[in-house]
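Visitor: My questions will all concern the structure given below.
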Amino acid sequence: MLFNASLLALMAAQVFGVVAQADAQPGTSPVTPPALLADVSASFPDADIFGVKLVNGRPTKALIEVTNHDSSPIHLAMVGGALVTTQSLPDDTPAYQKIVRNLTAVQYNIEIDAGEKKELTFAFSQDMNPQDVYIELVAVITDPKGGVHQIQAANSTAAIVEAPTSFLDPQIIFLYIFLTAAFTGTIYFVYKTWVEALFPQAKRAPRPSEKAKKVEAESLSGNESPTVAVASGKDYDESWIPEHHIARPVAKRVKSGAKGKKFE
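Counting from 1 along the sequence shown, just add 16 to a position and that's the residue number in the numbering used here.
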């Protein structure tokens, strides 16, 4: 996480101030910085009636609202936070062991005038196992005298959930195609291996080839037809023989008789 020179100097001054207070002479009271007259709050516009849901792989947006009630301008340096477990831990557990994930701090370096209110966007994303966590957001603000203040902006419960599955997702479509092909191949293998062996099919008569059909057609070309010979009761076909060769000549009958003679 990168900080600019002024912010590093500011945080170093805070650390050195704490060290100086620790090394102070006994009997002297530590210096307490004055309270900051400002309100900091955070809201999640995408939350529903069930609360805040942190969808894996999608950015979660929080609106940071800072209101300056002081008579002098204040300076918003950055906003950071962490996701903290909701499980109960022993009292002597260090605070860092409660942190599930640190959120990347965002630098703003914005000056807020007296009586002014500003809204800033703080976005973060995560990819974690579904669970319930606490969202803790902290704003680092400096007052006109250089004092550094860490003000809690949010401490609410949220649920980490997976992104909803879409049927138009290319990965889902490829999975459907793969499963369909695997199921079809399995059914075909089972049918060919066991089902077809239990129900053998009757063998079909071989179909005459095109060459055999052609030879048969040529043998029956013209007026030759076996049906004509069978119908006539003869073993040859008479349809091609001229009619005058088939019909036998019929002898004509001549009436003969002696004429009666007249006798005188």
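In this text, a Cβ means the ideal position worked out from N, Cα and C, and glycines have one as well. Everything numeric in this text was worked out from a predicted model, so none of it was measured.
(1) Report all residues from its chain with a CB closer than 8 Å to the CB of GLU178; omit the five preceding and five following residues, and keep chain order.
(2) Run the CB neighbour count on LEU191, radius 10 Å, all protein chains shown included, and call it buried at 16 or more, exposed below.
(3) May I ask which residues mark the beginning and end of the beta strand (DSSP E) holding GLY96?
(4) In chain order, what residues of the same chain lie with their CB nearer than 8 Å to the CB of TYR150, ignoring the 5 residues before and after it?
(5) In or out: PHE279 buried (at least 16 other Cβ within 10 Å) or exposed?
(6) Is DSSP giving PHE138 helix, strand or coil here?
(7) What do you get for ASN118, buried or exposed, if any count of 16 or more other CB atoms within 10 angstroms of its CB means buried?
(8) Would ILE65 be called buried (16 or more neighbouring beta carbons within 10 Å of its own) or exposed?
(9) Return the first residue and the last residue of the alpha helix (DSSP H) that GLN147 is part of.
(10) Using the rule of at least 16 other Cβ atoms within 10 Å of the residue's Cβ for burial, across every protein chain shown, is ASP107 buried or exposed?
(11) Do the CB positions of VAL154 and ALA139 come within less than 8 Å of each other?
(12) Compare the Cα-Cα distances from THR137 to each of ILE157, GLN123, GLU127, MET144 and report the closest residue.
Guide: Looking at the atomic coordinates:
(1) As a position in the sequence shown, residue 178 is number 162, starting the count at 1. Excluding sequence neighbours, GLU178 sits near VAL71, ASN72, PRO146.
(2) Residue 191 sits at position 175 when you count from the first residue of the sequence shown. The residue is exposed, with fewer than 16 neighbouring Cβ atoms inside 10 Å.
(3) Residue numbering aside, residue 96 sits at position 80 when the sequence shown is read from its first letter. It spans 90 to 101 - the beta strand (DSSP E) in which GLY96 sits, taken as one unbroken run.
(4) Residue mapping note: residue 150 aligns to position 134 of the sequence shown, counting from 1. Contacts found: LEU99, VAL100, THR101, THR102, ASN171, SER172, THR173, ALA174.
(5) For this step, residue 279 is matched to residue 263 along the sequence shown. Note on PHE279: pLDDT 44, under 50, position unreliable in the model; no value is reported.
(6) Start at 1 with the first residue of the sequence shown, and residue 138 comes out as number 122. Here PHE138 sits in strand by DSSP.
(7) Position 102 of the sequence shown, counted from the start, is the residue given in the question as residue 118. Of the residues assessed, ASN118 falls on the exposed side of the cut-off, its CB having fewer than 16 other CB atoms within 10 angstroms.
(8) For the purposes of this step, residue 65 is taken as the residue at position 49 of the sequence shown. ILE65 is exposed by the Cβ-count criterion.
(9) In the sequence shown, the residue the question calls residue 147 occupies position 131. Where GLN147 is concerned, there is no enclosing alpha helix (DSSP H), although the beta strand (DSSP E) it sits in stretches over 147 to 158.
(10) What you label residue 107 is simply residue 91 of the sequence shown in a count that begins at 1. Classification of ASP107: exposed, given that the 10 Å Cβ count is below 16.
(11) On the sequence shown, residue 154 is found 138 positions in, with the first residue counted as 1. On the sequence shown, residue 139 is found 123 positions in, with the first residue counted as 1. Not a contact, by the Cβ cut-off of 8 Å.
(12) In the sequence shown, counting from the first residue as 1, residue 137 sits at position 121. When each option's Cα is compared against that of THR137, the closest is GLN123.
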